[in-house]
Structures are given as C-alpha cells and as structure tokens.
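Asker: After the structure tokens below, expect a handful of questions from me.
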Amino acid sequence: MRKKIQHKHDTSLLKGATTSVGLLAILPIILTTIGLFFIFDASSVSAFRNFGDSFYFF
Amino acid sequence: MWFVLGVVVMGVFSFFDYRKLYYLAFPLLLVAIISLVLVLIPGVGVTVGGARRWINLGPIGFQPSELAKFAIILYLSSWFLHKERQRFVPFLLLLSFIIGLIMIQPDLGTSVIIFLLFVSIYFFSGENLLHLMLFSPFAFGAALLLIFTSPYRLKRLTAYLNPEVDPGGIGYHIRQITISLASGGLLGRGLSSSRQKYQYLPEAHTDSIFAIIGEEIGFLGSLLLIFLYGFLLFLIFKVIINAKDRFGKLLAGSIWCLLAWQMIVNLAAMVSLVPLTGVPLPFISYGGSSLLILFSLMGIVISIARR
C-alpha cells in the first residue's frame with residue numbers, strides 16, 4: 002500500500018522575513034523621531050536667540 | 011518635511027525591483043559628478059561656514075556629496091557585479107576623482123566616509139586584497155599630505171592629539187563635547203535639560219548631537235541608542251546573508267558599510283578616539299539631503315529583503 006505524501010509548508014522563515022522587513026522600516030523611523038526631538042531641543046535655543054520674539058516653532 | 015518625504019521615498023524604493031537599479035547606476039553617477047562640479051561654481055554653490063557644499067533649489071538646499079554616496083553605492087555594486095572586475099587602476103582613478111571634488115569644497119568628513127566606503131565595497135566584492143595592501147602606504151601618504159597642506163585640517167589633528175593645548179580655540183569643540191557627555195553621568199540631566207546647548211557646544215543639532223543626547227539621557231540612554239543602531243545593522247546583515255543574488259548582497263553590504271562607518275566615525279569623534287571630521291549621525295543629525303538618501307537606501311534594503 003502506497004503511503005500518502007503529505008506536504009508541509011514551513012512558514013516560520015517567511016514570518017521571520019516579514020518581521021525583519023517591518024523592523025527595517027520602523028527602526029529608521031524611530032531613530033529619526035528621536036533625532037527630531039533632539040534637533041528641536043538643541044536648535045530652538047540658538048534660533049530663539051537669533052530671531053527673538055519673531056521665532057515660532059509652528 | 012524631509013522626514014515625511016524620506017518615509018515616502020523609502021516606501022517607493024521598497025516596492026521597486028532593486029535589480030533594475032543596475033541600469034540607473036551609471037547615469038546617477040554622472041548626475042552626482044556633475045552636481046559635485048556645479049557646487050564649486052560661485053553663484054551656484056552656497057557657502058556656509060567656509061565650505062561650499064549646498065546647491066539652492068528654491069526653498070530647499072541640496073547637498074551633492076550625499077547624492078554621491080548613493081551613486082557610489084549603486085555604481086560600485088554594479089561595477090563589482092561582473093564585467094568591470096579586476097580593474098584596480100580605474101577603481102583608484104574614480105576614487106581619487108570623487109574624493110578630490112569633495113575635498114575642494116572642502117568636506118573632510120564626507121571624503122573620509124567615501125574613502126572607507128570604496129575600500130569596504132572592494133573588500134566585500136572578494137577582489138584581490140593584495141592590491142589594497144599595496145595601495146595603503148600611498149593612501150596614508152596622501153592623507154598626511156592633505157593634513158599638512160591645510161591649516162584647518164592640521165588644527166583638527168592637533169586638537170585631537172592634545173585637546174588641552176588651546177581650550178578656548180582649536181580644542182574648544184572637543185572640550186565642550188567632553189563636558190556634555192561627562193555632565194550627563196549615568197542617567198543624564200533629563201530631557202530638554204541640557205546646559206551645553208545654550209551656545210556652549212558648537213554644531214549642537216548637527217554633528218555633535220550625540221553630546222546633547224549623552225548629556226540629557228546619560229550613559230544608559232546613549233547605550234540604548236547605540237543598541238538600536240546595532241540592531242538595525244544586525245537586520246541589514248541578515249538581509250546580506252539571505253540575499254538571492256550577488257547584486258543584492260553587494261548593495262546591502264555597501265549600505266551596511268555606509269551606516270556603520272558614519273555611526274562609528276561620529277561616535278568615535280565624540281569620545282575623542284578619532285579627530286573631529288564633521289560626519290553626521292545617521293537618521294539623528296540635522297540634514298535633509300542626508301536623511302532622504304538614508305531613507306532611500308533603507309528602501310533598497312527592504313526591497314532586497316522582500317525578494
């Protein structure tokens with residue numbers, strides 16, 4: 002009697018790749034958000050000194 | 011604005027088939043070289059802080075040396091793919107020509123990064139390393155010549171070797187960076203509580219931003235930031251290992267090198283391990299052109315990872 006061949010699809014590797022793709026997109030966004038905070042934090046002081054009351058953030 | 015544009019560009023590149031970039035490599039290198047020449051022309055290039063590095067495009071400024079990084083990654087990855095392999099002399103000529111154009115601006119930091127990028131891609135491509143070894147004494151000699159023929163580069167080297175020599179002059183910048191990092195301590199002064207940002211620290215929102223980060227969130231916070239960079243580099247390394255073809259491996263490898271070198275050179279300069287060269291911290295330092303190029307490169311990495 003012939004054995005029935007069973008196919009199993011290992012999706013764990015694919016899942017890993019999807020997670021990596023997501024992280025590859027999210028990590029630069031997180032780093033840039035951190036950067037934006039510190040850029041504003043450091044540059045607003047000099048901008049305020051240079052432009053005085055005419056300086057507006059938004 | 012640059013952030014949003016960068017995310018959009020990353021999305022576009024991530025859905026673009028990276029193999030088609032092979033055909034864009036040469037035209038893009040030409041555009042980068044032309045813009046590097048254009049920036050040197052008075053009236054076209056904008057001089058800021060004694061260096062002519064920007065081209066004004068209406069309301070925004072564009073830095074051609076950032077485009078050059080992108081073009082070099084594409085071109086050298088295509089170069090080492092097959093047909094141009096084992097041609098070391100043209101490789102050296104291209105390296106010298108591009109670095110020469112950037113040194114005229116002058117932009118020491120970008121020149122150092124581009125040099126390291128060229129050497130790293132050559133190493134990654136599996137070419138004959140003997141050529142590189144034979145070339146290294148000449149590169150070292152050229153670097154010494156460039157340092158000793160320029161007063162501003164010599165000052166930076168002197169400040170690195172002996173920061174105490176002129177604390178109010180050439181050693182001022184590195185001294186202020188050290189004060190920032192030291193006053194941050196283990197946990198930092200707290201967010202927005204930096205004292206060094208009040209006009210003490212030069213380039214506080216650009217090349218020296220890590221000093222402000224260290225002052226506000228301390229050693230542990232800085233370590234967390236370095237961990238984030240390390241994790242990003244690990245993910246890109248995974249992409250290099252799993253890339254389906256040589257072009258994908260070379261592209262992802264070159265992008266890995268660019269990010270790693272920029273991070274290492276910037277952080278090493280912050281803790282006085284190397285002279286200050288003016289290299290921005292990837293994704294964090296202020297700079298629209300740099301951010302846009304980095305997001306584009308991340309889009310390419312995602313495109314390689316998806317296939």
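Heads up: the protein sequence lines correspond to chains P and L, in order.
Every number in the numbering used here is 1 more than the matching position in the first sequence, counting from 1.
Every number in the numbering used here is 10 more than the matching position in the second sequence, counting from 1.
Glycine included, C-beta positions come from ideal geometry on N, C-alpha and C.
Owing to the predicted nature of the structure, the values given are computational and were not obtained by experimental measurement.
#1: Under 8 Å: do the region 249-261 of chain L and the region 214-228 of chain L share three or more Cβ pairs, one atom per stretch?
#2: Quick one, which residues of the region 156-171 of chain L are near chain P if we go by CB-CB under 9 Å, in chain order?
#3: Whole angstroms is fine: what's the gap from L/L156's alpha carbon to L/K165's?
#4: Using CA atoms only, rank isn't needed, just tell me which of L/M11, L/A61, L/L243 is closest to L/A262.
#5: Going residue by residue through the region 45-99 of chain L, where are the continuous alpha helix (DSSP H) segments of at least 4 residues, counting only ones entirely within it?
#6: Between L/S193 and the rest of its own chain, which residues show a CB-CB distance below 8 Å, the 5 nearest in sequence each way excluded?
#7: Beta carbon of L/L302, beta carbon of L/P292: below 8 Å?
#8: Would you call the CB atoms of L/G60 and L/T287 closer than 8 Å?
#9: Rounded to the nearest angstrom, what separates L/A214 and L/S106 at their Cα positions?
#10: Out of L/F26, L/W12, L/S190, L/L39, point me to the one whose CA is closest to L/P69's CA.
#11: Please report how far the alpha carbon of L/L203 lies from the alpha carbon of L/P212, in whole angstroms.
#12: Give me the chain P residues within the contact set of L/A183, using Cβ-Cβ distance strictly less than 7 Å, ordered along the chain.
#13: Less than 8 Å separating the beta-carbons of L/W266 and L/F247?
#14: Can you check whether the C-beta of L/F98 is within less than 8 Å of a C-beta belonging to chain P?
#15: Just reading off the alpha helix (DSSP H) that L/F220 is part of, what are its end residues?
#16: Work out the CA separation of L/G240 and L/L40 for me, nearest whole Å.
#17: Identify the contact partners of L/F305 in chain P, using a Cβ-Cβ distance below 7 Å as the criterion.
#18: Could you name the residues of the region 50-75 of chain L whose beta carbon sits closer than 7 Å to any beta carbon of chain P, in the order they occur along the chain?
#19: So, helix, strand or coil for L/D255, using DSSP?
#20: So L/K207 is in the alpha helix (DSSP H); what residue range does that whole segment cover?
#21: Identify which residue in L/F220, L/A315, L/I250 has its Cα closest to the Cα of L/V281.
#22: Strictly below 7 Å CB to CB, what residues from chain P border L/I312?
#23: Identify the contact partners of L/F247 in chain C, using a Cβ-Cβ distance below 8 Å as the criterion.
#24: Roughly how many whole angstroms lie between the Cα atoms of L/L233 and P/S44?
#25: Just how far apart, CA to CA, sit L/S300 and L/I251?
#26: Under 8 Å: do the region 69-84 of chain L and the region 35-55 of chain L share three or more Cβ pairs, one atom per stretch?
#27: Are the region 15-30 of chain L and the region 307-317 of chain L touching by the rule of at least three beta carbon pairs closer than 8 Å?
#28: Determine the direct distance from the alpha carbon of L/L34 to that of L/M273, and round the result to whole angstroms.
Answerer: Quick answer:
#1: With contact defined as three or more Cβ pairs closer than 8 Å, the region 249-261 of chain L and the region 214-228 of chain L are not in contact.
#2: Those residues of the region 156-171 of chain L that come within reach of chain P (Cβ to Cβ, closer than 9 Å) do not exist; the list is empty.
#3: C-alpha separation (whole angstroms): 12 Å.
#4: That would be L/L243, whose Cα lies nearest to the Cα of L/A262.
#5: If we require 4 residues or more, the alpha helix (DSSP H) runs fully inside the region 45-99 of chain L come out as 74-89.
#6: Taken in chain order, the residues that qualify are R199, R205, Q206, E225.
#7: One thing to note: L/L302 has its Cβ no nearer than 8 Å to the Cβ of L/P292.
#8: Cβ atoms of L/G60 and L/T287: not closer than 8 Å.
#9: Note on geometry: alpha-carbon atoms of L/A214 and L/S106 lie some 32 Å from one another.
#10: The option with the nearest alpha carbon to L/P69 is L/W12.
#11: Per the sequence presented here, residue 203 of chain L reads as Ser, with Leu not at that position. If you take the alpha carbons of L/S203 and L/P212, they lie about 17 Å apart.
#12: It is worth fixing the name first, because residue 183 of chain L is His in this sequence and not Ala. Simply none; closest approach about 15 Å.
#13: With respect to the 8 Å criterion, L/W266 and L/F247 are classified as neighbours on the basis of their beta carbons.
#14: Under the Cβ distance rule, L/F98 does not count among the residues neighbouring chain P, no pair being separated by less than 8 Å.
#15: 219-252 is the span of the alpha helix (DSSP H), which, as asked, contains L/F220.
#16: Their Cα atoms are separated by approximately 33 Å.
#17: P29, listed in chain order.
#18: When C-beta distances to chain P are compared with 7 Å, every residue of the region 50-75 of chain L stays at or above that value.
#19: Coil.
#20: Segment: none, L/K207 is in no alpha helix (DSSP H) and carries neither H nor E.
#21: The shortest C-alpha to C-alpha distance from L/V281 to any of L/F220, L/A315, L/I250 is the one to L/F220.
#22: Within chain P, the residues V22, L25, A26 have their CB atoms less than 7 Å from the CB of L/I312, given in chain order.
#23: The structure shown has no chain C; the protein chains it does contain are P and L.
#24: Cα-Cα distance, rounded: 23 Å.
#25: Between L/S300 and L/I251, the alpha-carbon positions lie close to 26 Å from each other.
#26: With the cut-off at 8 Å, the region 69-84 of chain L and the region 35-55 of chain L touch.
#27: Cβ pair count under 8 Å is three or more, so yes.
#28: Rounded to whole angstroms, L/M273 to L/L34 spans 27 Å at the Cα level.
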